[in-house]
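Working notes, structure below.
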Amino acid sequence: MDAEDLSLVPGYEGHIEYLGDKKSNCTLRITDLRLRDSAGYRFRLITSGGKFAGSPFSLTVTDVVLEMDPTSVSERENVTLICRTKCTLDPITAYSWYKNGQPIPNSNSSSPVYSLFPVSSEDAGRYSCAAEGHEDLHFPEETLNVTYGPRNTSVSVSPSGEIVEGSSVTLTCSSDANPPVDKYTWYKKNVTSPKASGQIYNITNISSEDSGEYYCEAQNGRGYMNSAAQMIIVAGKQTSVMTPAVGITVIVLVLILASCLFGFMWLRKKAFKTTSDTRHTADMGQGDSSPVYDNVSGMAMTPTAVQRVDTDEQDDVHYASVHFAHSKNQEVPLYSPVQLPQPQKQDENVLYTAVKFTKPAVALAAEEDPSVLYSTVNKPRAKKT
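Everything in the sequence shown is counted per the UniProt record's numbering, starting at 1 for the first residue and increasing by one.
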């Protein structure tokens, strides 16, 4: 079989380099060796006198194999990685390990074995190893897949805030899982049968019957997880969406406000009752007004009650007898000029009767004219305030 000219072989462009001078130096460099580069190589000289080929040189390219057992695990299981080579090399004193192209801290070891236990989802990624002295030559990577059940399951509500009765609300369930969640189920608290299935749950023409707590269940081949409940409250024409914690807070605030209002009304009622009792006691002290009588005798008076007046010197004389029904201790003179003492109460009205005699002929002729004048004065009752 005739040798091929590497410069004409597809795939070698940029992969080989001639270093000789085409006279006495026939050096060839092959970069980025691959398994397919394993072959026999020889040089050939072409001169004017003919062709000459040298003895073949055999090149064997081997690689280091990274073995991973197993390549797919669940969380809390164990994984073992082993670096192996198909050729006999000089003793390797240490190995370095890499994850996603970056060195794993504190992973250098003289053993070709690297273990992960227990495995978590953070350990998932691409692993490779390298022999000491050849750290720039990473062996082929192996991918570790870590599976786990649903976690961080939650529900989002759209639109957020108040929801008008008769409109629509959309509930969306989300969860982190590997493999991805393959089943979503919607439930209403205290209701046995599911309300719906699928990642999105739409409630149209919402009404008071839709009030309650809703949650979703996410499930895959590794397990399942329920989300926290979302409470939907429908009251009248308006609807609000809130978590249980917010609902409890609102109830507590309403109770506190109701207690404060009840206490305020009780104190106000008590103060009003005390004022009414005080006024009632004052009115009882005053009592009802009694009729007041003035008896004025112009002629037939007893000797002690008769005043002799000189008709020439005093033409007009006024006599009055005033009795105050509201005063228990204050007495008014029987006959006195009409100059009344100040009443004990500012709001007390004084009523009196005045009798006028004009130039009597004989002041002492009591027996000749026994006429008696009577005046009755009724004092009206004071109005209660």
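By construction, the Cβ of each residue, glycine as well, lies at the ideal position given by its N, Cα and C atoms.
Neighbour-count burial assignment, S207, 16 or more Cβ in a 10 Å radius = As a working note, residue 207 is residue 207 in the sequence shown. It is exposed - the Cβ of S207 has fewer than 16 other Cβ atoms within 10 Å.
By Cβ distance, which residues of its chain are closer than 6 Å to S175, with the 5 residues on each side in sequence left out?
-> Here residue 175 refers to the residue found at position 175 when the sequence shown is read from its first residue. So the list reads P150, T153, V181 and A218, once near-sequence residues are dropped.
Any idea what DSSP makes of Y40, helix, strand or coil?
-> One-based indexing of the sequence shown puts residue 40 at position 40. Reading the sequence as shown, one finds Gly at residue 40 and not Tyr. Strand, per DSSP.
For the beta strand (DSSP E) that V64 lies in, which residues bound it at each end?
-> The count along the sequence shown starts at 1 and reaches residue 64 at position 64. Note, V64: beta strand (DSSP E), V64 to D69.
Are the region 134 to 148 and the region 64 to 72 touching by the rule of at least three beta carbon pairs closer than 8 Å?
-> yes
Going along the chain, which residues of its own chain have a beta-carbon closer than 7 Å to the beta-carbon of H15, five neighbours each way excluded?
-> If you number the sequence shown from 1, residue 15 lands on position 15. Only I30, T31 and D32 meet the Cβ criterion.
Bounding residues of the beta strand (DSSP E) (the contiguous stretch that carries K189) = Within the sequence shown, the letter at position 189 stands for residue 189. Taken as a continuous stretch (DSSP letters only), K189 belongs to no beta strand (DSSP E), as it is neither H nor E.
Between the Cα of C216 and those of S193, E209, S58 and N106, spot the shortest distance and give me the residue it belongs to.
-> Working through the sequence shown from its first residue, we reach residue 216 at position 216. The candidate whose alpha carbon is nearest that of C216 is S193.
Is T249 helix, strand or coil by DSSP?
-> As a working mapping, residue 249 is identified with position 249 in the sequence shown. T249: helix per DSSP, three-state reduction.
Considering only C-alpha positions, which residue in the set S38, I46 and E17 is nearest to residue 401?
-> Since the first and last residues shown for the chain are 1 and 385, residue 401 lies out of range.
Please report the Cβ distance between Y184 and Q199, rounded to the nearest whole angstrom; I am assuming they are in contact, meaning their Cβ atoms lie under 8 Å.
-> Along the sequence shown, one-based indexing puts residue 184 at 184. Along the sequence shown, one-based indexing puts residue 199 at 199. Yes, they are in contact, since the Cβ atoms of Y184 and Q199 sit about 5 Å apart, within 8 Å.
Can you give the Cα-Cα distance for S48 and T27, rounded to whole angstroms?
-> Within the sequence shown, numbered from 1, the residue matching residue 48 stands at position 48. Within the sequence shown, numbered from 1, the residue matching residue 27 stands at position 27. Using only the alpha carbons, I get a separation of about 22 Å.
Between the beta-carbon of T170 and the beta-carbon of N205, is there less than 8 Å?
-> Sequence index remark: in the sequence shown, residue 170 carries index 170 (1-based). Sequence index remark: in the sequence shown, residue 205 carries index 205 (1-based). No, these two residues do not count as a Cβ contact at 8 Å.
Buried or exposed (CB count within 10 angstroms, at least 16 for buried), V79 = By one-based count along the sequence shown, residue 79 stands at place 79. When all chains shown are included, V79 counts as buried.
Cα-Cα separation, G20 to P179 = For the purposes of this step, residue 20 is taken as residue 20 along the sequence shown, with counting starting at 1. For the purposes of this step, residue 179 is taken as residue 179 along the sequence shown, with counting starting at 1. If you take the alpha carbons of G20 and P179, they lie about 57 Å apart.
E165 and S120: beta carbons closer than 8 Å?
-> Residue numbering aside, residue 165 sits at position 165 when the sequence shown is read from its first letter. Residue numbering aside, residue 120 sits at position 120 when the sequence shown is read from its first letter. Not a contact, by the Cβ cut-off of 8 Å.
Classify A258 as buried or exposed, calling it buried when 16 or more other Cβ atoms lie within 10 Å of its own Cβ.
-> Residue 258 sits at position 258 when you count from the first residue of the sequence shown. A258 should be labelled exposed.
C-alpha gap between A53 and S38, whole angstroms = Working through the sequence shown from its first residue, we reach residue 53 at position 53. Working through the sequence shown from its first residue, we reach residue 38 at position 38. Cα to Cα, the separation comes out at about 20 Å.
For R268 and T281, the rounded distance between their alpha carbons = Within the sequence shown, residue 281 is the residue found at index 281, counting from 1. Within the sequence shown, residue 268 is the residue found at index 268, counting from 1. Legend: pLDDT at T281 = 49, less than 50; position of this residue unreliable, value from coordinates given subsequently. Answer to the nearest angstrom: the Cα atoms are 20 Å apart.
Straight-line CA distance for N108 to Y98?
-> Taking the first residue of the sequence shown as 1, we reach residue 108 at position 108. Taking the first residue of the sequence shown as 1, we reach residue 98 at position 98. Going from the Cα of N108 to the Cα of Y98 covers about 10 Å.
Top-ranked residue by Cα proximity to C129, from L144, Y95 and V157 = Position 129 of the sequence shown holds residue 129. It is Y95 whose Cα lies nearest to the Cα of C129.
Near T147, which residues of its chain fall below 6 Å by C-beta distance, leaving aside the five closest residues on each side in sequence?
-> For the purposes of this step, residue 147 is taken as the residue at position 147 of the sequence shown. Excluding positions up to five away in sequence, the list reads S74, N178 and R222.
Quick one: residues in its chain with C-beta nearer than 6 Å to the C-beta of I82, no 5 flanking neighbours on either side, listed in chain order?
-> Taking the sequence shown and counting its residues from 1, the one referred to as residue 82 is at position 82. These residues qualify, in order along the chain: E67, P112 and V113.
Take E77 and list the residues in its own chain whose beta-carbon comes closer than 6 Å to its own, dropping the five residues that flank it on each side.
-> Residue numbering aside, residue 77 sits at position 77 when the sequence shown is read from its first letter. If we look at E77 and ignore the five residues flanking it on each side, its Cβ neighbours are V119.
Does the beta-carbon distance from V9 to R34 come in below 8 Å?
-> In the sequence shown, the residue the question calls residue 9 occupies position 9. In the sequence shown, the residue the question calls residue 34 occupies position 34. Not closer than 8 Å, so no.
How would you call D136, buried or exposed, if buried means at least 16 neighbouring beta carbons within 10 angstroms?
-> Residue numbering aside, residue 136 sits at position 136 when the sequence shown is read from its first letter. Under the 10 Å beta carbon count, D136 is surrounded by fewer than 16 other beta carbons and is classified as exposed.
Extent of the continuous beta strand (DSSP E) run through K51 = If you number the sequence shown from 1, residue 51 lands on position 51. Start and end: G50 to A53.
Buried or exposed by the 16-neighbour rule on C-beta atoms within 10 Å, applied to D210 | What you label residue 210 is simply residue 210 of the sequence shown in a count that begins at 1. Answer is buried; the Cβ neighbour count reaches 16.
Nearest CA to the CA of Y127: which residue from G133, S110, P70 and V157?
-> Stepping through the sequence shown from its first residue, residue 127 is reached at position 127. Y127 has its Cα closest to that of P70, out of G133, S110, P70 and V157.
Q230, buried or exposed, once every other Cβ within 10 Å from all chains shown has been counted against 16 = To locate residue 230, count along the sequence shown from 1; it is residue 230. When all chains shown are included, Q230 counts as buried.
DSSP on R268, reduced to helix/strand/coil?
-> The residue given as residue 268 occupies position 268 in the sequence shown. R268 falls in the helix class under three-state DSSP.
Do V157 and R227 come within 8 Å of each other at the CB atom, strictly closer than that value?
-> In the sequence shown, counting from the first residue as 1, residue 227 sits at position 227. In the sequence shown, counting from the first residue as 1, residue 157 sits at position 157. It should be pointed out that residue 227 corresponds to Ser in this sequence rather than to Arg. No, Cβ-Cβ distance for S227 and V157 is not below 8 Å.
Sorted by chain position, which residues of the same chain lie with C-beta nearer than 6 Å to E17's C-beta, five sequence neighbours on each side aside?
-> In the sequence shown, residue 17 corresponds to position 17, counting from 1. Excluding sequence neighbours, E17 sits near R29.
Which partner residues of C129 appear in the DSSP bridge assignment?
-> By 1-based counting over the sequence shown, the position of residue 129 is 129. Paired residue(s): W97.
Outcome for N25 when other beta-carbon atoms lying within 10 angstroms are tallied against a minimum of 16 = In the sequence shown, residue 25 corresponds to position 25, counting from 1. Exposed, because fewer than 16 other Cβ atoms sit within 10 Å of the Cβ of N25.
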